[in-house]
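In the UniProt record's numbering, the protein residues as written are 1 to 408.
We put the beta carbon where it would ideally sit given N, CA and C, even for glycine.
Scroll down for the structure; my scribbles are underneath it.
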Amino acid sequence: MKTTAEIKAKLDKGEAKVYMAAEFKKMIRDGGKPSLDDVDIVTCGTCGIMSGAMAVISLQVAKPGTFRRADTVSLNGVPAYPGPSPNEGLGIVDLVVYGTTHASDDYGGGHLFRDIIEEKEIEVIAEAGGKSYSNILYGDEFLSSRMIATRCAYKNYSCFVNQSPEDINTIFSALPLRGNLAEATVSGCGEINPLQNDPEMRSLKSGAKILLNGAEGFIMGPGTRSTPEKPNLSAFADMGGMSGEYTGGFITSAGPECIMSVAGAIPVTDEKILSDVSILDENIPLPIVDIKDRSPLAYGTNADIWQGTDHRINVNPMNCIFCGDCPALAKCPTKAIMPGGGVISSRCVSCGNCIRTCPGEVYSMKTKPVNVGGREIPVTLRQSDRTRGDKISGELKEKIIDGTFLFL
């Protein structure tokens, strides 16, 4: 057993052994049996759709004295909720925007958050006293902007199928989820997920520092609907330090949703923690549930999703048949497809939807089916991005090593 003070002293001397979760798991898969002397810190990450996102923003809509208090506000058409502070007579509006609020079928709060972070043009419209006031602002002109995750970094999630004969619009599928067990969709980053490696929240507890969408933030405590069996986190960070590639909108068949990314560090101080961070995809259950009532139909493991499969989309532009209005682009949940056969890597989360929608077979990705009652069901959509989970985990590792992320 060792203490966090001892680990901090090793960090200060440049002697600490810090691993990304992916690196540590590879060591184990390669036959290694690491002891407490072999590892001091493991960094973990996850990226995917997380509905429990909102932003608390303060901005200048008009000159002082223009109106007394805002009745309604929208940002790029996304409805916001003014308050709680009225800022009477100041022309300033404090507001809250939900990540799941929609301006249209293809633009919602998640898209707005990324546009704010990337300092794109934001049209602010406020209604007050029967009059309308507007302003064009950029993210760096906001008086303040902070993202709050009411529920994030779930200890993995589930695989969804549809037993009914009818297709169903759902946030768990980019296209209507086909009936009669025709396909499966999945969420969760498996063995690199922070809470999968700290299920008792010994390190990932209230006040602990994390990376939220690339920015330094803090855990507030367990998130909404968190239970000991299925924990999740509530956290916050200022949007000014975030990276757009770690957040944004994801268009589902039930409307736009929000992508978030979380990374946390786990000091390995005792044998229990060492055992927790040694868990592999093969030992992480994957419930396969019916989309209508979440009733479990079968169980696989996260190895069905992440082992022996591609984590990134493969692109062969030579297959493009130039079909005019590109159907893959039209149906891409993150608008990452480029006409002519290509992807915008900073937007692509390798969900796999383009494999179904591109008639020229430009896009491919090796996946494995899940099994329900002896029937193999293809996984057609992944709503978590393992590669980005690895990336934010790696960024956290480097920050810890170079001393720019102080968490002990």
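{"Asked": "Secondary structure, alpha helix (DSSP H): runs of 4+ residues fully inside the segment 106-159", "Found": "109-117"}
{"Asked": "7 Å CB neighbourhood of C351 in its chain, flanking five on each side removed", "Found": "A174, P333, L381, R382, Q383"}
{"Asked": "Identity of the residue in T224, T72, D293, R114 nearest V161 by Cα", "Found": "D293"}
{"Asked": "Host beta strand (DSSP E) of E376 (start-end)", "Found": "375-377"}
{"Asked": "Test: V96 CB closer than 8 Å to a CB of chain C", "Found": "Looking at the structure shown, chain C is missing, and only one protein chain is on hand."}
{"Asked": "For D12, the first and last residue of its enclosing alpha helix (DSSP H)", "Found": "4-12"}
{"Asked": "Rounded straight-line distance, which links the Cα of G360 to that of I321", "Found": "6 Å"}
{"Asked": "Cβ neighbour criterion (16 or more within 10 Å) applied to P256", "Found": "buried"}
{"Asked": "Distance between V370 and T301 (C-alpha atoms, nearest Å)", "Found": "9 Å"}
{"Asked": "Entirely enclosed alpha helix (DSSP H) segments - the segment 165-252, minimum 4 residues", "Found": "194-197"}
{"Asked": "First and last residue of the uninterrupted beta strand (DSSP E) at G360", "Found": "Per DSSP, G360 belongs to no beta strand (DSSP E) and is neither H nor E."}
{"Asked": "Alpha carbon of S278 to alpha carbon of Y157, nearest angstrom", "Found": "19 Å"}
{"Asked": "The beta strand (DSSP E) enclosing E257, as first and last residue numbers", "Found": "255-267"}
{"Asked": "8 Å Cβ cutoff met for I136 and E121", "Found": "yes"}
{"Asked": "Cα-Cα separation, K63 to Y107", "Found": "29 Å"}
{"Asked": "Residue of G130, I57, P287 minimising C-alpha distance to V93", "Found": "I57"}
{"Asked": "Cβ neighbour criterion (16 or more within 10 Å) applied to S346", "Found": "exposed"}
{"Asked": "Check whether I261 and C44 have beta carbons under 8 Å apart", "Found": "For clarity, residue 261 is Ser in the given sequence; the question names Ile instead. No, the Cβ-Cβ distance between S261 and C44 is not below 8 Å."}
{"Asked": "Short Cβ contact (8 Å threshold) for V18 with I266", "Found": "no"}
{"Asked": "Euclidean distance between Cα positions of N164 and D290", "Found": "Sequence check: residue 164 is Ser here, not Asn. Rounded to the nearest angstrom, the two C-alpha atoms are 9 Å apart."}
{"Asked": "Contact between the segment 120-134 and the segment 27-40 (3+ Cβ pairs under 8 Å)", "Found": "no"}
{"Asked": "R225 burial status per 10 Å Cβ neighbour count (16 or more: buried)", "Found": "exposed"}
{"Asked": "Residue burial classification, Y133 (beta-carbon count within 10 angstroms, cutoff 16)", "Found": "buried"}
{"Asked": "Other residues of its chain near L181: CB distance less than 8 Å, five sequence neighbours each side excluded", "Found": "V161, N162, Q163, V372, R375, I377"}
{"Asked": "Exposed unless 16 or more other CB atoms sit within 10 angstroms - verdict on S295", "Found": "exposed"}
{"Asked": "N-terminal and C-terminal residue of the beta strand (DSSP E) that P285 is part of", "Found": "285-290"}
{"Asked": "DSSP bridge partner residues for G45 (one or two, in chain order)", "Found": "A263"}
{"Asked": "CA-to-CA distance, K131 to S206, given in whole angstroms", "Found": "44 Å"}
{"Asked": "G300 (DSSP reduced to helix, strand or coil)", "Found": "strand"}
{"Asked": "Pair within 8 Å by beta-carbon distance, L286 and D304", "Found": "yes"}
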